[in-house]
Structure formats: C-alpha cells, structure tokens
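Numbering (the working numbering), first residue to last: 3 to 267.
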C-alpha cells in the first residue's frame, strides 16, 4: 500500500516540524525527566496554537474533528521530536473517551484549546496513567465506561521522562467507547514510533557520513549500509500500515482492531 499526503497535510506536517525544531525539545525532555515541566508546557502551548491538541475533539466543542490520517501526520512528527508528556493519551485517547457527550463539554473544549492536558488508564491493558502529575485531567476507562480519577502511587519506568501512576476513580462513571479509544491510542503510539524510528535513522545516516574508522567514512562499509537499509525498509513497511489503520478507523471498519494491531506490530 502507498499513501500520499495531500498538500494541506504536507503543509501541516511542515508547520509542526518547523515549530518543534525551534523549540529545543531535547532540553525540554531532559528537564521533564528531572521534574521541571515548564519547558514542556511551552511546547504543548505551541502544539495548541497549531491545532494539534484539537485534532480529535468534536467540532461542537471547538475541536477540529479531523480525519484519523491527520492525527497520524501530527503524531508522527511529535514522535520524531520526542515531545514529552501524555501525547497519545491527551491528543488521541481522551477526546474519544469524552466523545460528544454534553457532560464533558467543558473538558473537551479545554482539551481542544490546549488549556487542559489529559492522561488515561485503561486497565487491564494499560493499568497505569503516564505523567498523571502533569495532567489536569486523569481518566480511568474500563468496561465501556469512563470516570475522572486522581493519581495515587508513582512508579518509575525505563524512560526517566515518563512516570507511571496508579489511579483511583473519584467521579461517577459515564458511558464511553473504550474499545475505540484504545484503538486510537494504539494508532497514535504507532505513529509516534514511526516518527521516532525515522529520526533515529536520519541521525544514524548523518553520523555514518561523518565518522571515520580505519581511514574510511564508516558509511562506506557495506555492513553499515545494509543495517541502515534494513531500518529504512522496515519504516517504509510500517508507515503504510499506520495510515491503513487510520483509514480503517475512519470508515468504522469491522477490521479496525486487526488493522490497528498490524500497525502496532
């Protein structure tokens, strides 16, 4: 499968890339891991200005209600730059959980405007919420219902910039399409990973063009070329699976769970 972005999507991707390239994201990630989220908050504010935080929010709550493919365009760039915080949870999962229900109108509008960042736990698959100490809205979703929650015990993860929290429900549970929200979360995470993989490949290629060993640029060695080519091929195979899953979710296909799983794999 081959998917080509239209001009508007290419312009959107370029805008996100340009904004994040000027934001010193690596420094924000390092600060985030040390407990200083202020630089990261500035990046989230930039994302809100670009409309990224409104992509999955319904239009009735001042969101964009964009096609899932547009979500992939944005999340791939956020993954490429390793934006800190509950990116998939706030931008993709929470808006689907809140849906179009008027009970969540204020929360949904705040998500769209970037005034609120959300994180989510979806046990048993996702038993803990990431960065619940940063999020202004914590959601606990299971068995077709979602409720507001509070953070409990914190747990370190392998990534020092991503803390995991146990959560406890505090409000009444409302009906929600938890299965679809989970699929959007998987889609968003897969898009981020494609972006991160592309960034690592690009950096590795540049390094291979500059680093010398035994009197030669290491990129001239066939073994290095093959390794980089293998990664390039893997990314070229992964990207259409992610966009295919986005189309499946947009169409409400009965195969959406399968397609999302393929994108994740």
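Quick reminder that beta carbons are idealized off the backbone N, C-alpha and C, glycines included.
Per-residue DSSP class, three states only, for residue 61: Helix, per DSSP.
Classification of residue 61 by the beta-carbon crowding that lies within 10 angstroms, buried from 16 upward: The residue in question, residue 61, is exposed, as its Cβ has fewer than 16 Cβ neighbours within 10 Å.
Reference residue 140; option with closest CA among 166, 161 and 103: Nearest C-alpha to residue 140: 166.
Residue span of the alpha helix (DSSP H) that contains residue 268, given as start and end: Because the chain here runs from 3 to 267, residue 268 falls outside it and cannot be looked at.
Where the beta strand (DSSP E) containing residue 144 begins and where it ends: 139-144 is the extent of the beta strand (DSSP E) around residue 144.
Alpha carbon of residue 126 to alpha carbon of residue 246, nearest angstrom: Each residue's alpha carbon lies about 26 Å from the other.
Secondary structure of residue 166, DSSP reduced to three states: DSSP places residue 166 in strand when its eight states are reduced to three.
Cutoff 7 Å; reference residue 134; Cβ partners in own chain excluding five residues on either side: Cβ neighbours of residue 134 beyond the five flanking positions: 121, 140, 153, 167 and 169.
Range of the contiguous alpha helix (DSSP H) that encloses residue 48: For residue 48, the enclosing alpha helix (DSSP H) stretches over residues 40-52.
Residues near residue 157 in its chain [Cβ-Cβ closer than 8 Å; skip 5 each side]: For residue 157, where only same-chain residues beyond five positions count, the Cβ hits under 8 Å are 130, 165, 166, 167 and 168.
Same chain only: Cβ atoms within 8 Å of residue 176, ignoring 5 sequence neighbours per side: Excluding positions up to five away in sequence, the list reads 103, 105, 106, 147, 148 and 149.
Alpha-carbon to alpha-carbon, residue 136 and residue 183: One alpha carbon belongs to residue 183, the other to residue 136, and they sit about 21 Å apart.
Residue 1, buried or exposed, once every other Cβ within 10 Å from all chains shown has been counted against 16: The chain is shown only over 3 to 267; residue 1 falls outside these bounds and no answer can be derived.
Inter-residue spacing [alpha-carbon to alpha-carbon] between residue 249 and residue 72: Going by the C-alpha atoms only, they are around 10 Å apart.
Where the beta strand (DSSP E) containing residue 155 begins and where it ends: Residue 155 -> beta strand (DSSP E) spans 147-157.
Cutoff 6 Å; reference residue 224; Cβ partners in own chain excluding five residues on either side: For residue 224, where only same-chain residues beyond five positions count, there are no Cβ hits under 6 Å.
Sequence ranges, beta strand (DSSP E) only - wholly within the stretch 74-138, length at least 3: Taking only runs of at least 3 residues, the beta strand (DSSP E) segments lying wholly in the stretch 74-138 are 120-123.
Residue of 33, 21, 208 and 70 minimising C-alpha distance to residue 48: When each option's Cα is compared against that of residue 48, the closest is 21.
Selection from 241, 45 and 75 that minimises the alpha carbon distance to residue 9: Nearest C-alpha to residue 9: 75.
Cβ neighbour criterion (16 or more within 10 Å) applied to residue 255: It counts as exposed.
Segment contact flag, the stretch 204-211 with the stretch 180-194, C-beta cutoff 8 Å, min 3 pairs: In the pairwise beta carbon analysis, the stretch 204-211 is classified as not touching the stretch 180-194: fewer than three pairs are separated by under 8 Å.
Three-state class that DSSP yields for residue 176 in the structure shown: Strand.
Bridge-paired residues (DSSP) for residue 219: Beta bridge pairing from DSSP links residue 219 with 214.
Residue 9: first and last residue of the uninterrupted alpha helix (DSSP H) it sits in: Unbroken alpha helix (DSSP H) run through residue 9: 9-23.
Nearest to residue 83 (by Cα), restricted to the options 232, 214 and 198: Scanning 232, 214 and 198 for the CA closest to the CA of residue 83 turns up 198.
Best match in 128, 231, 98 and 123 for proximity to residue 114 [C-alpha to C-alpha]: The candidate whose alpha carbon is nearest that of residue 114 is 98.
Contact belief for residue 211 with residue 221 at Cβ below 8 Å, rounded distance in angstroms: Confirmed, Cβ separation roughly 5 Å.
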